[in-house]
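Asks: Residues 1 to 359, numbered by our numbering, are exactly what the sequence shown covers, in order.
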Amino acid sequence: MNANAASRIERRPWGKTKSGEAVELFTLSRGGAPTVAITSYGGFIVSIVAPDRTGARADVTLGYKDLAGYLGDGSYFGCLVGRYANRIAKAGFTLDDKRYTLAANDGPNTLHSGPDGFCRQLWTPDVVSGKDGEALQLSYVSPAGEGGFPGTLTTKVVYSLREDGGLVIDYTATTDAPTVVNLTNHAYFNLAGEGEGAILDHELQLESDAYTPTDARLIPTGELRPVEGTPFDFRKPVAIGARIDAADEQIQMGHGYDHNFVVRGTPGALRLAARVVDKKSGRVLETFTTEPGIQFYTGNFMDGKTLGKSGKPYVKRGAFCLETQHYPDSPNQPAFPSTVLRPGRIYRQTTVYKLGVVK
Ligand code: GLA
Numbered sequence: 001m002n003a004n005a006a007s008r009i010e011r012r013p014w015g016k017t018k019s020g021e022a023v024e025l026f027t028l029s030r031g032g033a034p035t036v037a038i039t040s041y042g043g044f045i046v047s048i049v050a051p052d053r054t055g056a057r058a059d060v061t062l063g064y065k066d067l068a069g070y071l072g073d074g075s076y077f078g079c080l081v082g083r084y085a086n087r088i089a090k091a092g093f094t095l096d097d098k099r100y101t102l103a104a105n106d107g108p109n110t111l112h113s114g115p116d117g118f119c120r121q122l123w124t125p126d127v128v129s130g131k132d133g134e135a136l137q138l139s140y141v142s143p144a145g146e147g148g149f150p151g152t153l154t155t156k157v158v159y160s161l162r163e164d165g166g167l168v169i170d171y172t173a174t175t176d177a178p179t180v181v182n183l184t185n186h187a188y189f190n191l192a193g194e195g196e197g198a199i200l201d202h203e204l205q206l207e208s209d210a211y212t213p214t215d216a217r218l219i220p221t222g223e224l225r226p227v228e229g230t231p232f233d234f235r236k237p238v239a240i241g242a243r244i245d246a247a248d249e250q251i252q253m254g255h256g257y258d259h260n261f262v263v264r265g266t267p268g269a270l271r272l273a274a275r276v277v278d279k280k281s282g283r284v285l286e287t288f289t290t291e292p293g294i295q296f297y298t299g300n301f302m303d304g305k306t307l308g309k310s311g312k313p314y315v316k317r318g319a320f321c322l323e324t325q326h327y328p329d330s331p332n333q334p335a336f337p338s339t340v341l342r343p344g345r346i347y348r349q350t351t352v353y354k355l356g357v358v359k
């Protein structure tokens, strides 16, 4: 991929929030690499336009046609999820002997930090320069108590395009009081192009020997279950749809895949977690992360009623998400890798979404 030129950013006004604050849209480009658009509202990835094997470019992420769509988003299409991605059981946790209560928005549980999460906040954008050229930095200071979480949390997220065209997302956060943090991006991908039907024939490989099975409300039971002999075994490439309706209790509870996988290797080291190939278009997505886990979600809650950015219906299983993260409900699961952040320490996570093609 010709990405030799340094990365460039174009910025433009993109409307106003409901309270009248100005929102911008930033488009990152680098030679022939995929172009990536991100908005300062919610840190949403608004589009990733990538070539197929013939060079034809298509937008491979789901989203809305304008800011109004994002202001009303309920699907987390491409948003920057925080303070705590995925679920926290019974909308609360205990830290240093103190109980904290969060907003319940998924039955009795908290999903993606409740209604005041990072997806619903306006971020301060800055175009910064780094070794790859221009990068976008989004910053947000979350006041202590926001959404029920303790500590003033200062978060910076830098989006850049690597020389090989990979979209690098670097997250850092600091706090002034003990708290929990788990940040991710919730991009929905369809490598045939957004709105181009189901992703069941895409082939997935996951670098995971185990996953975290859940209860009926998708809260992990605490077990790390080997994938061997189950529909969760993606150690070799398998079509996403091959076992998605299997008579497996976990598949039935998730209405398909909606599970956290344990990424092989050492957390903190940037390593391959997932590879998806769409043989028809030739597009390939590789996901690298420093995180211990990755949520593989197959758009089981989409129903064709939402029309996407180009007017096409977003059908059930019309996209997949690979949300790099700490395991769901870690604040209530002492055996899981810790999500506690204390003053004086820096939370860091890096994820790379790299699009390419196969012959
Ligand atoms: C995550 C969750 C899913 C679903 C989506 C958003 O992937 O695990 O259950 O809530 O976010 O709809």
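The beta carbon of each residue, even a glycine, is placed where N, CA and C say it ideally should be.
Could you check whether the Cβ of residue 278 sits closer than 7 Å to any heavy atom belonging to the ligand GLA?
Replies: Not under cutoff, so the answer is no.
Asks: With 16 other CB atoms within 10 Å as the buried threshold, where does residue 2 fall?
Replies: Model confidence at residue 2 stands at a pLDDT of 48, short of 50, so the residue's coordinates are unreliable; what they give is reported in the following sentence. Exposed, because fewer than 16 other Cβ atoms sit within 10 Å of the Cβ of residue 2.
Asks: Within the continuous beta strand (DSSP E) that includes residue 252, where are the two ends?
Replies: Residue 252 -> not in any beta strand (DSSP E); alpha helix (DSSP H) instead, spanning 249 to 254.
Asks: Using a Cβ-Cβ cut-off of 7 Å (strictly less than) and excluding sequence neighbours within five positions of residue 61, which residues of its own chain qualify?
Replies: Hits under 7 Å: 45, 47, 48, 78, 187, 188, 189 and 194.
Asks: Using only CA atoms, which one of 156, 174, 239 and 12 lies nearest to residue 203?
Replies: Ranking the options by Cα distance to residue 203, first place goes to 239.
Asks: Check for me: the beta strand (DSSP E) holding residue 37 runs from which residue to which?
Replies: Residue 37 -> beta strand (DSSP E) spans 35 to 39.
Asks: Can you have a look at residue 82 and say buried or exposed, based on whether 16 or more other CB atoms are within 10 angstroms of its CB?
Replies: Residue 82 is buried by the Cβ-count criterion.
Asks: Looking at the secondary structure, which residues open and close the alpha helix (DSSP H) in which residue 282 lies?
Replies: It is not in any alpha helix (DSSP H) - residue 282 carries neither H nor E in the DSSP assignment.
Asks: Using three-state DSSP, classify residue 169 as helix, strand or coil.
Replies: Strand at residue 169.
Asks: Where residue 150 and residue 100 are concerned, what is the direct C-alpha to C-alpha distance, given to the nearest angstrom?
Replies: Roughly 8 Å separates the two Cα atoms.
Asks: Among 8, 212 and 19, which residue has its Cα nearest to the Cα of residue 161?
Replies: Considering only alpha carbons, the answer is 8.
Asks: Buried or exposed for residue 252, going by 16 or more other Cβ atoms inside 10 Å?
Replies: Result: exposed.
Asks: Does the ligand GLA have a heavy atom nearer than 7 Å to the CB of residue 202?
Replies: Checking the Cβ of residue 202 against the ligand GLA gives no.
Asks: To which residues of the same chain is residue 85 closer than 7 Å at the C-beta, ignoring the five residues directly before and after it?
Replies: For residue 85, where only same-chain residues beyond five positions count, the Cβ hits under 7 Å are 112, 182, 183, 184, 323 and 325.
Asks: Between the beta-carbon of residue 35 and the beta-carbon of residue 24, is there less than 8 Å?
Replies: Not closer than 8 Å, so no.
Asks: Just to confirm my understanding: we take residue 315, look at its own chain, exclude 5 residues before and 5 after, and list those with CB closer than 7 Å. What are they?
Replies: Within the same chain, residue 315 has close Cβ partners 197, 198, 302 and 304.
Asks: Using 8 Å as the Cβ pair cut-off and three pairs as the minimum, do the stretch 325 to 338 and the stretch 87 to 106 touch?
Replies: Counting Cβ pairs under 8 Å, three or more are found: they touch.
Asks: Pick from 57, 118 and 107: whose alpha carbon is nearest that of residue 76?
Replies: Of 57, 118 and 107, the residue nearest in Cα terms is 118.
Asks: In whole angstroms, what separates the C-alpha of residue 145 from that of residue 200?
Replies: Spanning the two alpha carbons is a distance of roughly 41 Å.
Asks: Using the beta-carbon count (16 or more within 10 Å), is residue 126 buried or exposed?
Replies: That one is exposed.
Asks: Do residue 155 and residue 142 count as a contact pair if the criterion is CB distance below 8 Å?
Replies: Contact: yes.
Asks: Which residues in the same chain have their Cβ closer than 8 Å to the Cβ of residue 213, if we skip the five residues on either side of it in sequence?
Replies: Once the five neighbours on either side are set aside, the close Cβ partners of residue 213 are 220, 221, 223, 225, 250 and 259.
Asks: Taking only three categories from DSSP, how would you classify residue 237?
Replies: Looking at residue 237 - three-state DSSP - the assignment turns out to be coil, as it is neither helix nor strand.
Asks: Once DSSP output is grouped into helix, strand and coil, what is the label at residue 2?
Replies: Here the model assigns residue 2 a pLDDT of 48, short of 50, so the residue's position is not dependable, and the following value carries that caveat. Three-state result, residue 2: coil.
Asks: 8 Å is my cut-off, CB to CB: does residue 66 come that close to chain D?
Replies: In summary, chain D is missing from the structure at hand, where a single protein chain is found.
Asks: With H, G and I counted as helix, E and B as strand and the rest as coil, what does DSSP make of residue 100?
Replies: Residue 100 falls in the strand class under three-state DSSP.
Asks: In the DSSP assignment, the beta strand (DSSP E) including residue 71 goes from what residue to what residue?
Replies: Careful: residue 71 lies outside any beta strand (DSSP E), inside the alpha helix (DSSP H) at 67 to 71.
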